[in-house]
Amino acid sequence: MFDYIVVGAGFTGAVLAERIATQLKKRVLIIEQRNHIGGNCYDQYNEDGLLVHKYGPRVFHTPDKQIWEYLSQFTEWKSYQHKAAAYVDGVLVPIPFNLNSIECLFPKYLAEELSRKLIELFGYGSKIPILELRKTEDAELKLLADFIYNKVYLNYTYKQWGLKPEELDEYVTGRMPIYITRDDRHYHDKYQAIPRFGYNQLFKRMLNNSNIKIMLNTDYREVVTINHHTKQVKFMGHAFEGKLIFTGKIDELFDYCYGELPYRTVDFNVKVLQKEHYQDIACINYPNDYDFTRVTEAKHLTGQVHPYTAIVEEYHRPCTRKDVPYYPIPQQQNLAIYAQYQQLALEYPSIILSGHLADYHYYDMNVAVAMALSKFDQELQLQKSLLSTGR
Ligand SMILES: Cc1cc2nc3c(=O)[nH]c(=O)nc-3n(C[C@H](O)[C@H](O)[C@H](O)COP(=O)(O)OP(=O)(O)OC[C@H]3O[C@@H](n4cnc5c(N)ncnc54)[C@H](O)[C@@H]3O)c2cc1C
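Written out as structure tokens, the structure reads:
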């Protein structure tokens, strides 16, 4: 019946299914355990008619024209420049921390001196990871770095990861930079927007193809079995000769044979307020107060006009098998386990792995899309070479 089975209907699975259906003209079955498509980027209207991002706020951004044009086939966009801020000692300052944040917190003469030194040392427009700034030899900048580390990143990181910044891999701490700029935007990519009619609409249009069938409410393990000795895949008890594209957890695929890869999950506490707005910008971080990490007001992202508003508080905690695995925990011992699974996957030529759960790596949406497109290109080349050799 099907040439490809795709596990997971998030960005990764949807991009691969769409490309296979439209470019290879092959039949695809998507198996998704949830009752909707869109993965963690799914949005929906709540009972008050407010559009909320069910699994936390999503801002699309990319520097890459190709990714932008690819997704623009499936949606119109609402231009949106994301801004975030954090309460530090009771003062609301732009986040990521930048030259304006310094001005909010320090006397004018000192702020000017610190900004001058930062620009001189790193150049205007550069982004310096906080742990790198802490290594500076300049005494004043060192004090500034320690201040930012302690007041902005330390407790926030602990709430999010249960760890200190030093205990995480560089790709996370690299996402905690100081921006040497006065531009308060969170992202500086050329393309930044929200799908005009929501993410769910984008996914529906992407997957609206007669070559694509979707099986919701189904854990793939109910219908797909993998014999780990013969490497044979079965679908509903019959040998499946096509390819299995897997965007779920890599450790689950291999029955946790090298142990479980840990994740952090998030509880989203949504509150509907009977007023038009709650805060002035989409996202406010609370590094040192409360148990939640941040509060997001979706209306700033969606641009929805409504007499009420919805806010979301995020509480991070360790992830059990029953929870949604949001953030892989990038520590050496976990990456070593992942490397074993990655090696094992090479023994399964009919299984293609892609996506943040299969790669055990956090990706922004644009990166997940780019990686899926690149996986498709590899598959396309393979199919072409099989065709030319008559196999
Ligand atoms: C809190 C949070 C905020 C974020 N904010 C942004 C943002 O503002 N901007 C941005 O660019 N990126 C953001 N991201 C990243 C973005 O969510 C990811 O890039 C994107 O979701 C990756 O898509 P994916 O398809 O790889 O994974 P997912 O979206 O997780 O999709 C995987 C799908 O596989 C399904 N699945 C898993 N196991 C099984 C199984 N056993 N059987 C059947 N189905 C299964 C899951 O149910 C899921 O639907 C954020 C991530 C988080 C966690």
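Mapping the sequence shown onto numbering that gives the first Met the number 0, position 380 (from 1) lands on 379, and the numbers just tick up by one. Using N, Cα and C, we set each Cβ at its ideal position, and we do this for glycine too.
Query	Result
Under 8 Å, do Met214 and Ile29 count as touching if we go by C-beta distance?	yes
Could you tell me which residues DSSP puts in a beta bridge with Trp76?	Pro194
Which whole-angstrom value is the C-beta distance of Val171 and Pro329, which I expect to be below 8 Å?	6 Å
Quick one: grab the DSSP three-state call for Met175.	coil
DSSP three-state call for Tyr219: helix, strand or coil?	helix
Is there contact here, the stretch 290-308 with the stretch 319-336, by at least three beta-carbon pairs under 8 Å?	no
Over what stretch of residues does the beta strand (DSSP E) that includes Lys270 continue unbroken?	262-272
Any heavy atom of ligand 1 closer than 7 Å to the CB of Ala344?	no
According to DSSP, simplified to helix, strand and coil, what is Lys242?	strand
How many Å lie between Gln342 and Leu260 at the Cα?	15 Å
Quick check on the burial criterion: 16 or more other C-beta atoms within 10 angstroms. Buried or exposed for Lys321?	exposed
Closer than 7 Å to a non-hydrogen atom of ligand 1 - does that hold for the CB of Pro194?	no
How about Lys248: is its Cβ closer than 7 Å to a heavy atom in ligand 1?	yes
Of the choices Glu102, Leu385, Ala371, whose alpha-carbon is the least far from that of Ile19?	Ala371
From which residue to which residue does the beta strand (DSSP E) around Ala83 run?	83-87
Using the DSSP secondary-structure output, state which residues sit across from Thr292 in a beta bridge.	Beta-bridge pairing links Thr292 to no other residue.
Tell me the residue span of the beta strand (DSSP E) that contains Lys233.	232-234
Buried or exposed for Thr381, please, with buried defined as at least 16 other CB atoms from any protein chain shown within 10 angstroms of its CB.	First, the amino acid is wrong: residue 381 is Leu here, not Thr. Under this definition Leu381 is an exposed residue.
Could you tell me which of Lys25, Lys248, Asp250 sits nearest to Lys212, measuring between CA atoms?	Lys25
Tell me whether the beta-carbon of Leu15 lies closer than 8 Å to the beta-carbon of Phe375.	yes
Once the 5 residues before and after Leu356 are set aside, which same chain residues still bring their CB inside 6 Å of it?	Gly247, Lys248
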